[in-house]
Amino acid sequence: MALAAKDIITEETPSAAPPGYSTLILQNRKIVFGGILFLLILGTALAGALMIDPKLRRSGSITRKLPPHAAAVLGTTSLGQSVAAQMTEAVPNSIQVGLIAALLGTVIGSLLGFVSGYFGGWVDAVLRVVIDVFLAVPVLLFLVLIAALVRGVTVQHMAIIIGLFAWSWPARAIRSQTLSLKTRPFVDVARISGMSGFDIITRELVPQMLPWLGANFVNAFIVAILAEAGLSILGLGPQREMTLGMMIYWSLSYGSILQNMWWWWLTPVVTLMLLFLALYLIHLGFDEVSNPRLRTQV
Amino acid sequence: MKTLKFSAMILVLTALVVIAGACAAPGTLPQVVQQTVVVPQTVIAQETVIVPQTVVAQATPVPVDQARAETLNIAIGGPIVPADAINPYVNWNRDMGMHNFCYEYFFYQNLQTGEYIPWLATGYEYNADSTALTVKLRDDVTWSDGQPFTADDVVFTYEMIQKDPSLNWGQQVVDNVASVEKVDDHTVTFNLKTSNPHFHLNREAFPAVGIWGGTTIVPKHIWEKEADPKTFTNSNPVCTGAYKLANSTEQSRTWERRDDWWGTKAFGVTPGPKTVNLRYLGPETNVALALVNNEIDTPMIGILGVGSFEEVARRNPKVIAWQKDLPFSWLDPCPRPLMVNNAHPPFDKAEARWALSYLIDRNAVADLAYEGATTPAWGVWPDYGGVKPYKDAIADLLQQYPTEAYDEAKGLQMFKDAGVDISTLDLKYVVNADSNEEVKVAQVIADQLGRAGIKVTITPLSGPAEQTAVLEGDYDIKLHSFCPGYIAENLDLFNSKYYKPLGEKVALFEANSFRYQNPELDKIVNEMLATPPDDNAKMIPLFQQAMAIWLKDLPVIPVVQAPALVPFNTTYWTGWPTADNPWNMPVSWWATFNTVIAGYPDKDGKWVGGIKPAQ
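Now the structure itself:
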């Protein structure tokens, strides 16, 4: 029976050993703080959904243009909707877009990156061209075009559209990491000991890059939420569902900035900023975990 | 890669912080507030790379000099698509200067004063049985290239349309006009297919503008060189109007005054503005701030809501509207019903259309989407004095068929009785994405239907995509303006002669894109069209008969009257028409707008109106 490749890695390159990642993650203050902030935002929205009557999301359900008061803690819109009630729908929807798009981007990107980098040859040649082409296109321009074509999108459509364009950077980065990793001795050992290419990728390479994939996932998450907001503000978002971007869109449509209805536009803007902050901290934390040189700066 | 994304994120964060900072203090100086809008605009532009021109337009320094004082800036609701084609027979965006600054028409109607103003023509006369109309043209009109405007141009235009009825409004010409004959260089006779004493009011088949536009006469010496008028972009149009095209992009179009305009010689009048700019500035807030900062003299319809207008008027007292108080708006003659596709089950049944009508709370639509600028509508006619005797004549019918009623329980019961399971419905609600008004109304109506349990999918489309979807009947519901607002003409919109099967383009959006057919109604409408429009004694009984059918069938669902909340900035230009001085209609997107800019001669030849420089 072949030698277990892992044993050799542990002996030869102890610092790259997978064990210890979870401890590192839990000990990283940026990840912990970012995570708590993220859960706080999501938790508040979910708790709000249980407490606030969803009917208040509909137009004409409450007096228009009221600043924050007891009956509507975040005020009301020109269309007679409660801003707080809208937030209980918008926050989970925006996070949903981020999650689905980031998941799609990371999974597709990793698959192509690993296959292209590990197998090389004509597979790599073809995939590299495809990846480079997607890298070269201005993603948001394409998103605008597609969203404009697929009018009447839902939150899930949007997530998929954004996700389908979120894989090229991860693919490229993972490919180069794989190119470097596959020349290391532990991969040679695994190959000599008879592991298949697929096994080597899943059992040797993926664990090596887990924290890096995590950082990448969070980054894609941020970009997707941002892309959603950008598309929605342009009027290309889901018309019948509320997201943070659509809230900003509607508040702009009704001139809320001009009319000093600060509660309408400021609420989604501040929430977006906090979401960015939370996710960015997590991203930085993952970066530190995967790159030991950064760790001293914790 | 990370740096890129990171910097993009920082950019957006910074922008958001700047907005937050700039807007936190209410009542800041206009200059500061100006920044608040420029910033998100810039961010969007950088991210999408499709609207750099907006930024350029925005970044242009506010001209406070002579050049600005001689310029009329009009804000438009969406980008100009297509920007380079100025063909009235292909492109529907005639109101981007094509018909209000470039081409001119035989007659203009002033709905405010009731005048029928001769312009390119001097008069008209029907024959005894109204089967032919003879028009005398002015003999001193020239095209912008110096060629004379003659009867040959008129005959050529009509022959071109007869050859290809698929040209815009071509079907109406073919339906109404048998032939056009040149009597002499400045006299033409329109031979009509039927006796039609309304023909001089038919904007779709005759070059007279009542509402919005009219049939456009094109120069023979230019257009005869084109093998197919449909492929002609006409990007450098030769017109008779006082302005010529100087520049056109999707974001702005510039028209420059011609010093050799025939009207200057004929009337001794030069229109005030040396330059007219149509500019797309983006969302409502941008337009509002541009008005506050005197960058814009008037925005087109549906851009500014009541709330924003009030704030603009508070910050810049030089900005006025038709009325001094709520609802501020001028009543547009084209009400806004909800078109229901009669060819899509279950709305092929009148019961289902009535059920839907009961689910719509019109007062809420007026209060929320229009912020109180309008009122509910009982039909497809404006609440003008001339319509009142007709409405009064069908008072009992309106009691039997309450078109303004909102009764959710009754609506749901009617759906049940008609055997419709509303949980299976998913209505495709097509919205013109460039119309702030339509986007807002859609949200409220979709919420109301949603509350009743009907799923609505809003599909915003723009430009030709939206026009094609509507003309081909690819929608379940769609809010649309119903023009021209006259009694017989608006009933004629329901005439089966405009009917086309689904997938084929109808002649006009409101001329039966909703696919309604009823031969009984057709018969009465045709009789009304053969009756002189001012013959109320004969018209009213016919109207009663027609409405007995129309109300029972309810081919479209009346929603609201059309408010035209059109602010005017008096900083650079004065003399705008208002309720206090109602000398003309305050509508810059109609072909009649050239009579607002230049003024017009009344019956006695006295010059009326025209906007004047304020400084």
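Line order of the protein sequences matches chains A and D. Here the first sequence is numbered in the numbering used here, starting from 476 and rising by one per residue. Here the second sequence is numbered in the numbering used here, starting from 15 and rising by one per residue. Beta carbons are placed, not taken as given, at the ideal position from N, Cα and C, and that holds for glycine.
> Whose C-beta lies closer than 6 Å to the C-beta of Ile468 (chain D) among residues of the same chain, with five residues either side of it excluded?
Replying inline: Ile436, Leu439
> Using the C-alpha atoms, what's the distance from Gly227 (chain D) back to Met428 (chain D)?
Replying inline: 40 Å
>> Checking 9 Å against the spacing of the C-beta atoms, do Ile649 (chain A) and Gly689 (chain A) come in under that value?
In response: no
> Just the Cα atoms here: how many angstroms apart are Arg647 (chain A) and Met684 (chain A)?
Replying inline: 14 Å
>> So Arg465 (chain D) contacts chain A; which residues on that side make the cut at Cβ distance below 7 Å?
In response: Arg533
>> Can you tell me where the alpha helix (DSSP H) holding Asp607 (chain A) begins and where it ends?
In response: 596-611
>> Residues of chain A with CB closer than 7 Å to the CB of Ala460 (chain D), please, in chain order.
In response: Arg715
> Using 8 Å as the threshold, is the segment 187-197 of chain D in touch with the segment 166-178 of chain D, meaning 3 or more CB pairs across them?
Replying inline: yes
> What do you get for His200 (chain D), buried or exposed, if any count of 16 or more other CB atoms within 10 angstroms of its CB means buried?
Replying inline: buried
>> Going by beta-carbon coordinates alone, are Ala369 (chain D) and Gly425 (chain D) separated by less than 9 Å?
In response: yes
>> Give me, in chain order, the residues of the same chain whose beta-carbon lies closer than 6 Å to that of Glu480 (chain D); leave out the 5 immediate sequence neighbours on both sides.
In response: Asn446
> How about Ala387 (chain D): is its C-beta nearer than 9 Å to some C-beta of chain A?
Replying inline: no
>> Taking the straight line between their C-alpha atoms, what separation do you get for Tyr384 (chain D) and Pro600 (chain D)?
In response: 19 Å
> Based on Cα-Cα distance, which residue from A:Pro542, A:Ser569, A:Arg678 lies nearest to Leu706 (chain A)?
Replying inline: A:Ser569
> Which class does Thr718 (chain A) belong to by DSSP, given the choice of helix, strand or coil?
Replying inline: coil
> Is the CB of Ser728 (chain A) under 9 Å away from at least one CB in chain D?
Replying inline: yes
> Using a C-beta cutoff of 9 Å, does Leu554 (chain A) count as contacting chain D?
Replying inline: yes
> Would you call Gly319 (chain D) buried or exposed, if buried means 16 or more other Cβ atoms sit within 10 Å of its Cβ?
Replying inline: buried
>> Suppose you measure from the CA of Phe673 (chain A) to the CA of Leu616 (chain A); what does that come to, to the nearest Å?
In response: 36 Å
> How about Pro349 (chain D) and Phe508 (chain D): are their beta carbons less than 9 Å apart?
Replying inline: no
> What is the residue span of the beta strand (DSSP E) that Arg328 (chain D) lies within?
Replying inline: Where Arg328 (chain D) is concerned, there is no enclosing beta strand (DSSP E), although the alpha helix (DSSP H) it sits in stretches over 320-329.
>> Let me make sure I understand the geometry here. Which of A:Gln556, A:Ile511, A:Ile723, A:Ile635 has the alpha-carbon closest to that of Ile527 (chain A)?
In response: A:Gln556
>> Against chain D, which members of the segment 732-746 of chain A pass a CB distance test of less than 9 Å?
In response: Ile732, Leu733, Gln734, Asn735, Met736, Trp737, Trp740, Leu741, Val744, Val745
> Can we say the segment 563-581 of chain A touches the segment 624-633 of chain A, given the rule of at least three CB pairs closer than 8 Å?
Replying inline: yes
>> Ignoring anything shorter than 3 residues, give me the beta strand (DSSP E) runs that lie fully in the segment 164-242 of chain D, in order along the chain.
In response: 191-198, 201-206
>> I need the DSSP call for Asn141 (chain D), collapsed to helix, strand or coil.
In response: coil
> So, Arg108 (chain D) versus Thr254 (chain D), is the Cβ gap smaller than 9 Å?
Replying inline: no
> At a CB-CB cut-off below 8 Å, which residues of chain D make contact with Gly710 (chain A)?
Replying inline: Ala447, Val453, Pro474
> If we call anything under 9 Å between Cβ atoms a contact, is Leu522 (chain D) one with Leu485 (chain D)?
Replying inline: yes
> Does the beta carbon of Arg539 (chain A) sit closer than 9 Å to a beta carbon anywhere in chain D?
Replying inline: yes
> Are Leu565 (chain D) and Ile538 (chain D) touching if we call contact CB-CB under 9 Å?
Replying inline: no
> Tell me the DSSP bridge mates of Tyr614 (chain D)?
Replying inline: D:Val622
> If you measure from the beta carbon of Ser633 (chain D) to each beta carbon in chain A, is any gap under 9 Å?
Replying inline: The requested residue 633 (chain D) is not part of the displayed model; chain D covers only 15 to 629.
> Can you tell me whether Glu218 (chain D) is buried or exposed, with buried defined as 16 or more other CB within 10 angstroms of its CB?
Replying inline: buried
> What are the start and end residues of the alpha helix (DSSP H) that includes Ile516 (chain A)?
Replying inline: 504-526
>> Per DSSP, what are the beta-bridge partners of Pro132 (chain D) in this structure?
In response: D:Phe121
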